[in-house]
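**Q** Numbering (the working numbering) for the sequence shown: 59 to 338.
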Amino acid sequence: MSLGAVVEAVVACRDVEASVAFHTRAFGLDVIERNEEEALLGVGAGATGRLRLVPAPAGAEAVEDPRVWDIGPRLLGMYSRDLARTTRMIDEAGGRSLPVATYPYGSGTMSECVALGSDGVWWTLPQAGAAHRPSPALEGDPDRLHGELHTAVIVPDDHEQALRFFTDGGGLSVLFDGEMNGETFERMVGMPSGASLRLTFLLSADQAPARFEIMSFTGVEAADLSDRPLGLRRVVFATGDPAAMAERLVAHGGVRLGERLVHGPAGLEVELREPPGTAR
Numbered sequence: 059m060s061l062g063a064v065v066e067a068v069v070a071c072r073d074v075e076a077s078v079a080f081h082t083r084a085f086g087l088d089v090i091e092r093n094e095e096e097a098l099l100g101v102g103a104g105a106t107g108r109l110r111l112v113p114a115p116a117g118a119e120a121v122e123d124p125r126v127w128d129i130g131p132r133l134l135g136m137y138s139r140d141l142a143r144t145t146r147m148i149d150e151a152g153g154r155s156l157p158v159a160t161y162p163y164g165s166g167t168m169s170e171c172v173a174l175g176s177d178g179v180w181w182t183l184p185q186a187g188a189a190h191r192p193s194p195a196l197e198g199d200p201d202r203l204h205g206e207l208h209t210a211v212i213v214p215d216d217h218e219q220a221l222r223f224f225t226d227g228g229g230l231s232v233l234f235d236g237e238m239n240g241e242t243f244e245r246m247v248g249m250p251s252g253a254s255l256r257l258t259f260l261l262s263a264d265q266a267p268a269r270f271e272i273m274s275f276t277g278v279e280a281a282d283l284s285d286r287p288l289g290l291r292r293v294v295f296a297t298g299d300p301a302a303m304a305e306r307l308v309a310h311g312g313v314r315l316g317e318r319l320v321h322g323p324a325g326l327e328v329e330l331r332e333p334p335g336t337a338r
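Written as structure tokens, this is what we have:
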């Protein structure tokens, strides 16, 4: 038993309508569902890797935007086929993109940019190369610029504890775990000179999007924003037995918030749901 794909990432917004406008303009996401309070965005009929926009609690409007390395649920990711177009679209929609960086990756190279979007959500945007992780949105439309959500990322105060929570508790496997430093990554992330980041990329058995990452930093002064009321607050994971998975996550340090809802590392709420299409 393990966690599967991130079905939805839930973002608390200052203004849901403004956030819908940003994400549709910057990333070309479709509005899947809309009611008076919330909006669900995604790519066509894709059942995972979606973005749910919900209103933030009253009084959250004045909360300042975080830095990438501040503790808390911090980033979302999406593949791009053309980073120059992507950064232009983000900036025109009201976001702020950092410089595109290219770095060694496996036997080749990877190009990627990081950008600040609406409600203090940071985005990591890797170039979709020939060997990218599965993306039904891109595979189904050769002309599409962006995929569905590729990943959700937390920045915990204890990297190893968070890793145990999601591997020993959640059953995810580690695809990559390494340290990144130097001028290229300082420029890409905006971190100070001499700082470094550790990135752990986790996968479910089917590798379906969205996937999950843990990121931590050294050489920075990080604020604990794990209870920040704006931005990424919750991920909804698919799993075959939500009740049993909730028990496992609690046994590995989570705090139960509901029958299928657990408070996890970095202040992230982990909601558990049967895989899309499962009969109830």
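Note that beta-carbon positions come from the ideal geometry of N, C-alpha and C, so glycine has one too.
What are the start and end residues of each continuous alpha helix (DSSP H) run of 4 or more residues lying completely inside the region 140-228, in chain order?
**A** You should have 141-150, 194-197, 217-222.
**Q** By Cβ distance, which residues of its chain are closer than 8 Å to Arg318, with the 5 residues on each side in sequence left out?
**A** Excluding sequence neighbours, Arg318 sits near Pro300, Ala301, Ala304, Glu329, Leu330, Arg331.
**Q** Do Val308 and Ile272 come within 9 Å of each other at the CB atom, strictly closer than that value?
**A** Cβ distance not < 9 Å, so Ile272 and Val308 don't count as in contact.
**Q** Going by beta carbon distance, what residues of the same chain come within less than 8 Å of Phe234, once the five residues before and after it are set aside?
**A** Counting only Cβ-Cβ distances below 8 Å, and skipping sequence neighbours, we find Leu257, Thr258, Phe259.
**Q** Name, in chain order, the residues that DSSP records as bridge partners for Met136.
**A** Met136 is bridged to Leu207.
**Q** Could you tell me the alpha carbon to alpha carbon distance between Gly152 and Thr167, rounded to whole angstroms?
**A** When rounded, the distance between both Cα atoms is 29 Å.
**Q** Would you be able to state if there are at least three C-beta pairs under 8 Å between the region 195-212 and the region 133-147?
**A** Flag = yes, the region 133-147 and the region 195-212 touch.
**Q** Determine, for Cys71, whether the minimum Cβ-Cβ distance to residues of chain B falls below 9 Å.
**A** Checking the listed chains, one finds no chain B in this structure; it contains a single protein chain.
**Q** By Cβ distance, which residues of its chain are closer than 7 Å to Glu327, with the 5 residues on each side in sequence left out?
**A** Arg291, Arg292, Leu315, Leu319, His321, listed in sequence order.
**Q** Could you check where the alpha helix (DSSP H) with Leu307 kicks off and where it finishes?
**A** Where Leu307 is concerned, the enclosing alpha helix (DSSP H) stretches over 300-309.
**Q** Provide the residue span of the alpha helix (DSSP H) that contains Glu119, from first to last.
**A** Careful: Glu119 lies outside any alpha helix (DSSP H) and carries neither H nor E.
**Q** From Gly107, Arg83, Met147, pick the residue whose C-alpha is nearest to that of Phe270; which is it?
**A** If we check each option's Cα against that of Phe270, Gly107 comes out closest.
**Q** Could you check what DSSP says for Thr258 in three-state terms: helix, strand or coil?
**A** Note: Thr258 maps to strand in three-state DSSP.
**Q** Am I right that Glu170 and Gln185 are in contact with their C-beta atoms under 8 Å? What's the rounded C-beta distance?
**A** With a Cβ gap of about 7 Å, Glu170 and Gln185 count as contacting.
**Q** Would you say the region 145-161 touches the region 81-95, given that touching needs at least three Cβ pairs under 8 Å?
**A** Output reads yes: the region 81-95 touches the region 145-161.
**Q** Nearest to Pro287 by CA position, among Asp88, Pro115, Val74, is which residue?
**A** Cα-wise, what sits closest to Pro287 is Pro115.
**Q** When DSSP labels each residue in this structure, what does Gly104 get in the three-state scheme?
**A** In the structure shown, Gly104 sits in coil (DSSP, three-state: anything other than H, G, I, E or B).
**Q** Name the residue from Gln265, Arg154, Val121, Ala142 whose alpha carbon lies nearest to the alpha carbon of Phe160.
**A** The question names Phe, but residue 160 is Thr in the sequence shown. The candidate whose alpha carbon is nearest that of Thr160 is Ala142.
**Q** In whole angstroms, what separates the C-alpha of Thr242 from that of Val126?
**A** Straight-line Cα distance between these residues: approximately 16 Å.
**Q** How close, in whole Å, do the beta carbons of Ala118 and Arg72 come, if the pair is a contact with beta carbons under 8 Å?
**A** That pair is a contact at about 7 Å.
**Q** So, is Ser284 buried or exposed, given that buried needs 16 or more other C-beta atoms within 10 angstroms?
**A** Ser284 comes out buried.
**Q** With Glu75 as the anchor, note down where its alpha helix (DSSP H) starts and where it stops.
**A** Residues 74-85.
**Q** Where does Met246 land, buried or exposed, given buried means 16+ other C-beta within 10 angstroms?
**A** By the 10 Å Cβ count, Met246 comes out buried.
**Q** Specify, as a first and last residue, the run of the beta strand (DSSP E) that Val294 falls within.
**A** Segment 289-296, the beta strand (DSSP E) holding Val294.
**Q** In whole angstroms, what separates the C-alpha of His217 from that of Phe223?
**A** Each residue's alpha carbon lies about 10 Å from the other.
**Q** Rank His204, Ser231, Asp282 by C-alpha distance to the C-alpha of Ala324 and give the top, closest one.
**A** Checked all of His204, Ser231, Asp282; the closest Cα to Ala324 is Asp282.
**Q** Could you tell me which residues DSSP puts in a beta bridge with Leu111?
**A** Leu111 pairs with Val69, Ala97.
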